[in-house]
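**Q** Converting from the sequence shown to this note's numbering requires adding 1 to each position, the first position being numbered 1. Pasting a structure below so you can have a look.
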Amino acid sequence: MFGVVPKPLWERRAPADDRNRIRLSMRPLLVRGDRTMIVDAGVGDKIDAKGVEIYAIDRTPTLSQSLARHGLSESDVDVVLASHLHFDHAGGFTRRDGSGRLVPAFPRARYVARTAEYEDATHPNERNRASYLAENYVPLREAGVLDLMDGDGPVMPGVRVVRTGGHTMHHQVVYVESGGLTAVFVADLIPTTAHIDNAWVMGYDLYPMETLAFKRAFIREAIDREFLIFFEHDPEVAAGFIREANGRRHVEAVAVA
Ligand SMILES: [Zn+2]
2 MFGVVPKPLW ERRAPADDRN RIRLSMRPLL VRGDRTMIVD AGVGDKIDAK
52 GVEIYAIDRT PTLSQSLARH GLSESDVDVV LASHLHFDHA GGFTRRDGSG
102 RLVPAFPRAR YVARTAEYED ATHPNERNRA SYLAENYVPL REAGVLDLMD
152 GDGPVMPGVR VVRTGGHTMH HQVVYVESGG LTAVFVADLI PTTAHIDNAW
202 VMGYDLYPME TLAFKRAFIR EAIDREFLIF FEHDPEVAAG FIREANGRRH
252 VEAVAVA
């Protein structure tokens, strides 16, 4: 998760277990506006027992339980938006029905992904093959519920996507703007609060120099304009403001429901 950053440095921010694993969350973002939208949907429940063991996946709470806390179920979601199509973000997009058939997990929703990300996800190579699992998105295409979007722009009023590249060639972040305030769901651009320093870039990133360039400009703006940042993979902090004092950064956490 920390690329070239030496372990003695990162383990102060993210202690590892005896198998060198750190705690991470998979926390989608619920946006309620014109329509009800969810951004990413975690790993889902199709992953096999071996995968559950390797990643020590703990589904408490499940996505269904989290939605229920807001009085919602999967069938209330109108739009499912993908930051990118890696399994820890898109796994929850589909599920197996009683007969084992892969079906959309959000039965009424339109799903939105970037055209070029879908292209890459359906043409994986040796480096990204383990992250792109067709079962998470090809069934959406076949069901006719996947809308592929070219370039940056609005997904619904107040919500727009911006390509970052870096993590994958077409990884994107999601801006939510309302009443003059800006919140940004940064997905794998800044996966946890431990990644707020520019050079703390994941080893998973296909194009780390692109991540660095985007992060450098983005975090500067996020500090200056006080963007509320949503950290999808942070084990504790769902959202916060990045602050800077005497050249050092920290996150001022904000409680979210
Ligand atoms: Zn991720």
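C-beta atoms are modelled at their ideal positions from N, C-alpha and C, and glycine is treated no differently.
(1) Whose beta carbon lies closer than 5 Å to any heavy atom of ligand 1, going through the chain in order?
(2) Considering only DSSP beta bridges, list what Y119 is partnered with.
(3) So, under 8 Å CB-CB, V44 and F94 are touching, yes? Tell me the CB distance rounded to an integer number of Å.
(4) According to the neighbour-count rule (16 or more other Cβ atoms, all chains shown, within 10 Å of its Cβ), is S179 buried or exposed?
(5) Do D41 and E222 count as a contact pair if the criterion is CB distance below 8 Å?
(6) Look at H168 and H71 and say whether their C-beta atoms are less than 8 Å apart.
(7) So, at 6 Å on beta carbons, what are the nonlocal neighbours of M157 in its own chain, with the 5 sequence-adjacent residues on each side left out?
(8) So, are the CB atoms of Y112 and L141 less than 8 Å apart?
(9) Can you tell me whether DSSP reads P236 as helix, strand or coil?
(10) T123 to V53, Cα distance in whole Å?
(11) In three-state terms, what does DSSP make of R22?
(12) Would you call the CB atoms of T194 and V238 closer than 8 Å?
**A** Walking through what the data contain:
(1) Having a Cβ closer than 5 Å to some heavy atom of ligand 1 are D89 and D189.
(2) Residue pairing by DSSP leaves Y119 without any beta bridge partner.
(3) Under the criterion of beta carbons closer than 8 Å, V44 and F94 do not qualify as touching, at roughly 11 Å.
(4) Exposed, because fewer than 16 other Cβ atoms sit within 10 Å of the Cβ of S179.
(5) In this structure, D41 does not lie closer than 8 Å to E222 by Cβ.
(6) Contact: no.
(7) Cβ neighbours of M157 within its own chain (closer than 6 Å, five residues either side excluded): D35 and R36.
(8) Contact flag set, yes.
(9) Taken through DSSP and simplified to helix, strand or coil, P236 comes out as coil.
(10) A straight line joining the alpha-carbon of T123 with that of V53 spans about 24 Å.
(11) The three-state reading of DSSP puts R22 in coil, since its state is none of H, G, I, E or B.
(12) Cβ atoms of T194 and V238: closer than 8 Å.
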